[in-house]
Amino acid sequence: MEPLPGRRFIDGCVVFNGSKSVFYSGQVLEGKLNFELTSPLHIFAIDAVYLGAANVEWTEVQVETYNRVRRNKQLKYIGREEYFKYTQRLSQGPTVLEAGSHSIPLSYQIPFNCPSSFEGEKGQVKYSVTVYIIHHDGVTTDKIEAPFDVIDPMNLNTGSPDIKNPLVMEFDQMVGCQLFCVSKPLAVSVRLPAQGVCPGQSVPVAVAVRNSASVEITKILFQITTRERFRSQQPQSEYEPPEEVLAALRRGPVLGGANAEYVFPLDVPAFLAPNMEHCTLIDIGYFFKVKIKLSGCNEDMQDEAEICIGLVPLGETDLKNHPMPEKLPIGPLPDPNNQPPYTPSNTRTFTPSQSYQHDVQICPPGPIPYPVVANVADAPIFGSKNSPAGPFEIGFRAPDVSVNPTLPHPVPGYPYPGLPQGQAPPYSGLPQGQAPPYSSLPQGQGSYPTSQPSAPPPY
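And the structure:
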């Protein structure tokens, strides 16, 4: 690749170890910054910024009437939630990088309380690492960005005990074939072996029919559906797009006056079910729906129940039987209760040649960066699907809570808890209160959007 006119920086990229850009929450991200210089380059610093955030945004049309004149007004709903934003200095002090190829290792401990990556109709959860090569003037920068995906592993074996319990749905109705006929009972029982399933599984659906009437069951429809809910912060509102059918099974008919028992296999599609437990802006719920259609003028019977779709199946401890192993991260599932000590493998000294003006140390020795406090409430008071105790809540039918929960204690600055607001980190070499040279924000202004939407909230 030839450099652009006047540019000495070419072929810049971030390559993750293992050639996969997907990681588990709690896993160590490791990779290398590779680039090539056509001539020596004076630099001020090299910074790697790790960012994980959720954003929601949608627009609705509001009709206003003034003096009998109707006009449409667009109202914008937005929300943002950051799970981590960490800046790692990959170099120490100004120096000169020689012409040629360069490879600088980098690493970061992804927090355990990060939701899965997600791309929805009105919102998304995205993760990225961006490297800034800041030139000696402190203003000119070369930017290299690499997105990566995060999977928050949902283990059905360690969640709520209700996940292991069977799901039973009962239908009872008095039906008759004609207006003047005597109505007789019709009972249908539908049973799943557990309330938690995994992608790729074939779930046996047991159906027991006790039909004392002469009415025929024309068909029984089974569905697994998913629903999404997006919450905005400015102004506060919610949006729910239409549900999506993931799997469907149709069986029947069952003749009138018949008693029968059936077992139908319902295949759960192979996909990576996002776990959004630690996201307060986006909810994803999964539902098992049953619809029983009857002959004649009798009303159909239908019901639904919420189920949990996880990553690790019940009775298993690993993912060796997952239908999409090529989409999973490399390595075992991290255990939040047993975090092993980590020794950075990329702690080494970058040895410059004799023409370098200063020594540059890549990834100085020390513990791997890991946030102590995130800005997300980690333990909802109403329980969750991963909580060993508390009511069974998969996440979609949670009680109404504020999208901006008030924490019981002040959250210290991250990643420097003792640093006053607006003060520069001690290693940055910048005057106190000054924004980094590669930031596009005014001096002293943070990265979180605080401006109000252009349109006022609805009355």
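Residue numbers (my numbering): 1400 to 1858. Heads up, the beta-carbon is just placed ideally off N, CA and C, and yes, glycines get one too.
By the beta-carbon neighbour count (other beta carbons within 10 angstroms, threshold 16), K1719 is exposed.
Taking all protein chains in view, the Cβ of T1679 is crowded by 16 or more other Cβ atoms within 10 Å, so the residue is classified as buried.
When DSSP states are grouped into helix, strand and coil, D1734 belongs to the coil group. Counted as a single uninterrupted DSSP element, the beta strand (DSSP E) harbouring A1545 occupies residues 1540 to 1550. Distances from the alpha-carbon of Q1701 to those of D1682, Q1572, Y1661 put Q1572 closest.
Separation of the CB atoms of V1587 and I1691 is rounded to 6 Å, and the pair is thereby assigned contact status at 8 Å. Contact annotation, S1424 with A1498: C-beta distance approximately 40 Å; criterion of less than 8 Å not satisfied. In the three-state DSSP reduction, D1699 falls in the coil class, being neither helix nor strand. When C-beta atoms of the region 1670 to 1685 are compared with those of the region 1516 to 1530, three or more pairs fall below 8 Å, so the two segments count as touching. Given a length threshold of 3 residues, each whole run of the beta strand (DSSP E) inside the region 1644 to 1671 is given here in chain order: 1658 to 1666.
When the beta-carbon positions are compared, C1513 and D1551 come within less than 8 Å of each other.
Here E1429 carries a strand assignment [DSSP, helix/strand/coil].
By the neighbour-count criterion, in which a residue is buried when 16 or more other Cβ atoms sit within 10 angstroms of its Cβ, H1441 is exposed.
Comparing alpha carbon positions, the residue from L1591, G1451, E1456, S1502 closest to V1567 is L1591. Counting the other Cβ atoms within 10 Å of the Cβ of T1494 gives 16 or more, which makes it buried.
Scanning its chain for C-beta atoms nearer than 7 Å, with the 5 sequence neighbours on each side dropped, one finds around L1654 the residues E1615, in chain order. Shown here, I1509 sits in coil according to DSSP, grouped into three states, outside any helix or strand. Inter-residue distance for A1647 and Y1507 is about 42 Å (C-alpha atoms, whole angstroms). Distance from the CA of R1630 to the CA of I1708, rounded to the nearest whole angstrom, comes to 22 Å.
Annotated as proximal: S1502 and N1433, with beta-carbon spacing under 8 Å. Taking a cut-off of 8 Å for Cβ pairs, the region 1662 to 1672 and the region 1719 to 1729 touch, as three or more such pairs fall below it. Per the coordinates, the alpha-carbon of E1627 lies some 16 Å from the alpha-carbon of G1478. DSSP lists S1636 as the beta-bridge partner residues of S1631. Contact annotation: the region 1635 to 1645 touches the region 1619 to 1626, with at least three C-beta pairs closer than 8 Å. Within the region 1463 to 1521, the runs of beta strand (DSSP E) at least 3 residues long that lie entirely inside it are, in chain order, 1468 to 1488, 1494 to 1496, 1499 to 1508. Sequence-distant Cβ neighbours of S1418 in its own chain, meaning closer than 8 Å and more than five residues away, do not exist here. Rounded to whole angstroms, the gap between the alpha carbons of P1603 and L1713 is 14 Å. Here the alpha carbon of G1651 sits roughly 6 Å from the alpha carbon of I1619.
Sequence-distant Cβ neighbours of S1611 in its own chain, meaning closer than 6 Å and more than five residues away, are K1583, P1584. Where A1586 is concerned, the enclosing beta strand (DSSP E) starts and stops at 1583 to 1591.
By the Cβ-count criterion, P1565 is exposed, with fewer than 16 other Cβ atoms from all chains shown falling within 10 Å of its own Cβ.
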